[in-house]
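S.K.: Take a look at this one; I'll ask things after.
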Amino acid sequence: MITVEHLTKHYGDFVAVEDLSFEIEEGHVYGFLGPNGAGKSTTMNIITGCLSATRGHVRIDGYDIFEEPAQAKKRIGYLPEQPPLYLNETPREYLRFVGEAKGLKGAELEAQIRQVMEQTRIQEVAGRRISALSKGYRQRVGIAQALLGNPKVIILDEPTVGLDPHQIIEIRDLIRQLGQSHTVILSSHILSEVQTMCEKILIIAKGRLIAFDTPENLERQMLSPGEITLVAETGRQRAEEILSQVEHITQLQAEEETDTWVRLRLKTDQRDIHPVSRAVFQAFARSGENLLEMSLKKANLEDIFLELTEDEKTPEGGQK
Amino acid sequence: MTAVFKHELRSYFHSLTAYVFGAFLLAFVGIGAMMYNIQAAVSNFEFVLSFGSLIFVVIVPVLTMRVIAEERRQKTDQLLYSLPISTVDVIVGKYLALLTVYLVPLLVVSIYPLIFSQFGEVYLPTAYGSIVAFFLLGAALIAVGMFLSSLTDNQGFAAGIGIAVILLNYYSVSLSEYVSSSAFGAVAALLVIILLFSWVIRHLTGNDTLASVLCLVLIVALMILYVTNSGALEGLLPNVMEKLSLFERFYVFVNGMFDLTGVVYYLTVAAFFLFLSVQSLEKRRYN
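Same order as they appear, the protein sequences are chains A and B.
Okay, so the first sequence: first residue is 0 according to numbering that gives the first Met the number 0, each after it adds one.
Okay, so the second sequence: first residue is 0 according to numbering that gives the first Met the number 0, each after it adds one.
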């Protein structure tokens, strides 16, 4: 759907994007993840034709964005980081302009405006000035604009930034819905967001692609060991005695102790944490002592992200 | 292009811009008509337009200041870049909308000669010839204003520079009498222009070598010209200033001549500044 080849962008001496290559397939939600200033917005701006590239190619559905911009742009709906809204217009007027610019006319235009307003649930504010709308509604109007013309790809640059938690949930739901009928690319520096919404994640740092995989695979690649925290209804010594029968525990630490229970934290070198937790459970069950709580902490994307972006190393098989 | 045109036009008539522009133009032309045609009982409507042309100094920058600067400020230029329309479509659409806003009060003005002709003898060909020229003059100035607006994201700045540029142009003929007409004066002025030009080239291309080589070549050429044929440079500065005056061309029409070179001149100026506006908009994509 989108092919990016050796994309490079320099601002004077500053290198914003360096030799970026990847391919986006149809019908998934992709997440662009990276710290601030990593080159996410620059890359998105180039893909959507808002910015030129120093080197490299971008093809949308076979059309080169630099050589056949009109054809390529028809296949993309773009919401920049700051929604590009004319504040003294109503959403309806605004959408009419964007629709016309995208080549829609007459009944088709009206039908599409109605459809995207329904999809983004902005009908009730359609007649109000955009300047009077809340940030969440403005973001929706921005997304509605991107949806006009029924483009195959929707590109959203930090769609949830600056919204309150309630609005964030709504926008995420909307994006998830869009993912069913469009290819969606969104950028974010919030890991949990990308993790919950995206089927594939591209991590970029300092203008380079350092990982491109599914969230599950990225987690699996993580070498950092998992952790189990448990609360047992027994003394500390007795608990440690029970756990000594369990294999693969590399570290054992008592965190809190009262007359009736003890909280222990243990680490394991196993990548898959479930066999260990099962063994712990069985050990306590055999001993007849009660296990009150047990929680697992798996290596999460946050750790992966920090590891990848800090020392910029490529995990095996991470690059596509 | 039609989308941009319709959108701009709607926004002008939804905001005060179109009405303020029209009101000022009509008020000023009205005052002129009262002074010349009614009070002084002169039957030449073209004198009114000649008097009225001064108002362009204020109303053109007010009309054009926001046209591109505002898009930049509210970041809607990103939308324009990402839509499947070209920068030429954007600029031409915006320009046509501006011309329409300008044409509406001018159509009202063009009734005046007919009204006056009910009460006396008005020579209509000169009156309407001048109205056409008045339109072309305004059209050229609007293109200049639009280009200035494309250089910045600050409306006030665009308006200020616009007023200065149009005022300078308005008075350039009077000013040309004060500038040196000697060959040496021309060389000095040309040197400044060459340096400015090279700086602009350097700014646009970011290529130091190209700019300095170009600058040197031009200076050497200028020096050779000065040494070999200094006569050619005599009176060059005031001449150029006169030629550049958009208003001076207009007075030819007022004096009763429908000057086709003037028409071509205005159209060329408008096209040139539209071209520069497109470049200016494109350049942001290549920064």
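Glycine included, every Cβ here is placed at the ideal spot set by N, Cα and C.
Going by beta carbon distance, what residues of the same chain come within less than 6 Å of glutamine 269 of chain A, once the five residues before and after it are set aside?
M.R.: His247 and Val275
S.K.: Rounded to the nearest angstrom, what separates valine 268 of chain B and leucine 147 of chain B at their Cα positions?
M.R.: 14 Å
S.K.: For a cutoff of 8 Å on Cβ pairs, would you count alanine 238 of chain A as touching chain B?
M.R.: no
S.K.: For phenylalanine 96 of chain A, decide whether its Cβ has a neighbour in chain B, counting only Cβ atoms nearer than 8 Å.
M.R.: yes
S.K.: Assuming leucine 243 of chain B contacts leucine 221 of chain B under a Cβ cut-off of 8 Å, what Cβ separation, rounded to an integer in Å, is found between them?
M.R.: Incorrect: roughly 19 Å between the Cβ atoms, too far for contact.
S.K.: Aspartate 156 of chain A bridges to which residues according to DSSP?
M.R.: A/Ser186
S.K.: What span of residues does the alpha helix (DSSP H) with glutamine 166 of chain A cover, start to end?
M.R.: 164-180
S.K.: Would you mind stating whether alanine 69 of chain A and proline 83 of chain B have Cβ atoms separated by less than 8 Å?
M.R.: Yes.
S.K.: Rounding to the nearest angstrom, what Cα-Cα distance links isoleucine 241 of chain A and alanine 282 of chain A in this structure?
M.R.: 6 Å
S.K.: Residues of chain B with a CB under 8 Å from the CB of lysine 73 of chain A: which are they?
M.R.: Within chain B, the C-beta atoms nearer than 8 Å to that of lysine 73 of chain A come from Pro83, in chain order.
S.K.: Rounded to whole angstroms, what's the CA-CA distance from isoleucine 325 of chain A to aspartate 212 of chain A? Just pull it up for me.
M.R.: The requested residue 325 of chain A is not part of the displayed model; chain A covers only 0 to 319.
S.K.: Sorted by chain position, which residues of the same chain lie with C-beta nearer than 6 Å to glycine 92 of chain B's C-beta, five sequence neighbours on each side aside?
M.R.: Met0, Val3 and Phe4
S.K.: With the cut-off set at 8 Å, would you say lysine 231 of chain A and leucine 290 of chain A are in Cβ contact?
M.R.: It is alanine, not lysine, that sits at residue 231 of chain A in the sequence shown. Yes, the pair counts as a contact, with Cβ atoms nearer than the cut-off.
S.K.: Which residues in the same chain as alanine 142 of chain B place their Cβ atom closer than 6 Å to its Cβ, once the five residues preceding and following it in sequence are excluded?
M.R.: So the qualifying residues of the chain are Ala269, Phe272 and Leu273.
S.K.: From threonine 259 of chain A to alanine 284 of chain A, what does the alpha carbon distance come to, in whole angstroms?
M.R.: 18 Å
S.K.: Give a yes or no on whether 8 Å exceeds the smallest Cβ distance from alanine 96 of chain B to chain A.
M.R.: no
S.K.: Could you pull the DSSP bridge partners for histidine 56 of chain A from this structure?
M.R.: A/Glu4
S.K.: Closer than 8 Å, Cβ to any Cβ of chain A: which residues of the region 0-18 of chain B, in chain order?
M.R.: Thr1, Ala2, Val3, Lys5, His6, Arg9, Ser10, His13 and Ser14
S.K.: Checking 8 Å against the spacing of the C-beta atoms, do isoleucine 129 of chain A and arginine 137 of chain A come in under that value?
M.R.: In contact: isoleucine 129 of chain A and arginine 137 of chain A (Cβ atoms closer than 8 Å).
S.K.: Between the Cα of leucine 166 of chain B and those of B/Ile54, B/Phe12 and B/Thr16, spot the shortest distance and give me the residue it belongs to.
M.R.: Scanning B/Ile54, B/Phe12 and B/Thr16 for the CA closest to the CA of leucine 166 of chain B turns up B/Ile54.
S.K.: Can you list, in chain order, the residues of its chain with a C-beta nearer than 7 Å to that of glycine 21 of chain B? Leave out the 5 residues immediately preceding and following it.
M.R.: Val103 and Pro104
S.K.: Alpha helix (DSSP H) containing glycine 141 of chain A: first to last residue?
M.R.: 134-146
S.K.: Alpha carbon to alpha carbon, how far is alanine 204 of chain A from isoleucine 67 of chain B?
M.R.: Distance between the alpha carbons of alanine 204 of chain A and isoleucine 67 of chain B: 34 Å.
S.K.: Three Cβ pairs or more, each shorter than 8 Å: is that satisfied between the region 76-93 of chain A and the region 144-164 of chain A?
M.R.: Contact holds: three or more Cβ-Cβ distances are below 8 Å.
S.K.: From the DSSP output, which residues share a beta bridge with histidine 9 of chain A?
M.R.: A/Val14
S.K.: Does the beta-carbon of methionine 240 of chain B have 16 or more other beta-carbons within 10 angstroms, so that it is buried, or is it exposed?
M.R.: Methionine 240 of chain B comes out buried.
S.K.: Hey, would you say alanine 182 of chain B sits closer than 8 Å to glutamate 233 of chain B, going by beta carbons?
M.R.: Closer than 8 Å, so yes.
S.K.: Would you tell me roughly how many angstroms separate the C-alpha atoms of phenylalanine 44 of chain B and valine 57 of chain A, rounded to the nearest one?
M.R.: About 59 Å.
S.K.: Verify whether the separation of the beta carbon atoms of leucine 19 of chain A and leucine 208 of chain A is less than 8 Å.
M.R.: yes
S.K.: Label glutamate 311 of chain A either buried or exposed according to how many other C-beta atoms from any shown protein chain fall within 10 Å of its C-beta, with 16 as the threshold for buried.
M.R.: In this predicted model, glutamate 311 of chain A has a pLDDT of only 49, less than 50, meaning its place in the structure is not dependable enough to derive any value.
S.K.: Straight-line CA distance for leucine 266 of chain B to alanine 158 of chain B?
M.R.: 23 Å
S.K.: Does glutamine 278 of chain B have its Cβ less than 8 Å from a Cβ in chain A?
M.R.: no
S.K.: DSSP three-state call for methionine 34 of chain B: helix, strand or coil?
M.R.: helix
S.K.: For methionine 293 of chain A, which beta-bridge partners are listed by DSSP?
M.R.: A/Leu229
S.K.: Count the other C-beta atoms from every protein chain shown that fall within 10 angstroms of the C-beta of methionine 33 of chain B, then say buried if there are 16 or more, exposed otherwise.
M.R.: exposed
S.K.: Can you give me the start and stop residues for the beta strand (DSSP E) that phenylalanine 211 of chain A sits inside?
M.R.: Taken as a continuous stretch (DSSP letters only), the beta strand (DSSP E) holding phenylalanine 211 of chain A covers 207-212.
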